[in-house]
Every structure is written in structure tokens, then in C-alpha cells.
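**Q** Got a structure here, written out as C-alpha cells. Questions coming.
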Amino acid sequence: DAGVIQSPRHEVTEMGQEVTLRCKPISGHDYLFWYRQTMMRGLELLIYFNNNVPIDDSGMPEDRFSAKMPNASFSTLKIQPSEPRDSAVYFCASRRWQGGSPLHFGNGTRLTVT
Amino acid sequence: GESVGLHLPTLSVQEGDNSIINCAYSNSASDYFIWYKQESGKGPQFIIDIRSNMDKRQGQRVTVLLNKTVKHLSLQIAATQPGDSAVYFCAENRAAGNKLTFGGGTRVLVKP
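From first to last, the protein sequence lines are chains C and L. When we follow the working numbering, the leftmost residue of the first sequence carries the number 208, and every step to the right adds one. When we follow the working numbering, the leftmost residue of the second sequence carries the number 2, and every step to the right adds one.
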């Protein structure tokens, strides 16, 4: 099992540019989550999908953020336009079913917006 | 759990000693709990989980204890090794929900 795969590992961009983060969940997992991690706020849930359908996006900071899951093996998180305060590590995670199964995390994308 | 600011609580432990990491959770409706280990530059890695119908669960060198009365969770690491140095997070899942809420984390430093 390859685990959750995220790309790129690092992204440096200028303020105002569009950023797209990518995720491939573990095969067979029905749920996919996007988290953001910063020193100030720790791990924050942005959005999660069940069977490719967005279920809860209440954690998405604002309209500049959007996420899609066109199929069971791929998801994107897009920031347009990016701002310096978006700098963080973004994690994708997947789980097999709701409730009593652990999330499995990718190794994250470190985003720096200058 | 709540996020912390700039400073993580730190536990310094001598190699070979046992470590105990504590976590207070906030939601009495939570029924599933997980401990994660995060090393620098990596994502959180699953260590062990426990459901609310249990008080204790053991894994390889790790034990999780759950006290629902006081909403307290702990992770015990036996014979701590240098490779155990990392940040450890507890997470709670509310019954019938899908969201994991993470605590702020504890940094464990293992001294040789």
C-alpha cells in the first residue's frame, strides 16, 4: 500500500498567484480530508469528501479556497488568489469508513506565499 | 482538543525510560480516540486507537488509557527510544460523526 500521496512536497509562490495542491488517497478509502497545519492554530480541518462528494466545507477559510474530487483516486485543493497568510503545511488524509477507523495522512505540501 | 499557540508542551525523557503523554478531550459525546506521531517533515502517523467501550488498549511498546469520567486520554511508551522523538497528537471523533478534532500536541525529546 503506497499510502496517501501528495504533490508537490513544497510550493513557493508569489502573492496573487493560483496554487493547486494534489492528493491521491489510499485505494478503497471512502473518505478524503484536507487539513491545514500552522504553529498558531495546529491542525485544522478544511473540507472532507465521502464517495467524491463534498460533505462539510465549513472549515474552508474563504472563497479563495476550493476543493474538488473528480474521482475516487484524485482530489485537488486550489487557492486563488494566494496570500501570505495562506502559508502553511497542507495535509490530505483518507479513511476507510466513518467513525471508527483512523485517518491516514500524506506527508503534506509545504506552501510558502511571498 | 484545542490548538496551542507558538509553544508546544515538551516532555524530555531518558532513553530506556517509560513516557506518559496526557490529553484532555472536550466532547463527552466522542466515542473514538486516536494517537498520532508526527516527525519533522512528515504527516501524522497512526499509532493506536481506542473506542469508548474500552479503558485500555495495548500495542507494541504503547498503551492507551481512556478515562471517560474525567475525559482524559493518555499514551504510554515503554522503553523510550531515540526514534520516539516526535510530536504526539491525540484526536477525538464524535459519535456518528466523521470529523477528527486534534489536540495541540506534545513534543517528546529522548535524551541518549
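Heads up, the beta-carbon is just placed ideally off N, CA and C, and yes, glycines get one too.
Answer with buried or exposed for ARG81/L, where buried requires no fewer than 16 other C-beta atoms within 10 angstroms of its C-beta.
**A** Residue identity check: residue 81/L is Thr in the sequence provided, not Arg. Buried is the call here.
**Q** Pull up the distance between the alpha-carbon of PRO232/C and that of TYR297/C, whole angstroms please.
**A** One C-alpha to the other measures close to 14 Å.
**Q** Between HIS311/C and the rest of its own chain, which residues show a CB-CB distance below 8 Å, the 5 nearest in sequence each way excluded?
**A** GLY210, VAL211, ILE233, HIS236, ALA300, SER301 and ARG302
**Q** Between GLN59/L and chain C, is the shortest Cβ-Cβ distance under 9 Å, so that the two count as touching?
**A** No, GLN59/L does not count as interfacial toward chain C.
**Q** Can you tell me the Cα-Cα spacing of GLY98/L and ARG108/L, whole angstroms?
**A** 28 Å
**Q** Write down the C-beta distance between TRP36/L and ILE21/L rounded to the nearest angstrom, noting that I regard them as a contact closer than 8 Å.
**A** Actually they are not in contact, since the Cβ atoms of TRP36/L and ILE21/L sit about 12 Å apart, beyond 8 Å.
**Q** How many angstroms separate the CA atom of GLN244/C from the CA atom of PHE90/L?
**A** The alpha-carbon atoms of GLN244/C and PHE90/L are separated by roughly 12 Å.
**Q** Find out if the Cβ-Cβ distance for the pair SER308/C, LEU239/C is shorter than 9 Å.
**A** Cβ distance not < 9 Å, so SER308/C and LEU239/C don't count as in contact.
**Q** Leaving aside the five residues before and after ARG229/C along the sequence, list all residues of the same chain whose C-beta is less than 6 Å from its C-beta, in chain order.
**A** SER214 and THR283
**Q** With a threshold of 6 Å on Cβ separation, who are the neighbours of ALA96/L within its own chain once the five nearest residues in sequence on each side are excluded?
**A** ALA30 and ASP32
**Q** If you follow the beta strand (DSSP E) that TRP36/L is part of, which residue opens it and which one closes it?
**A** 31-39
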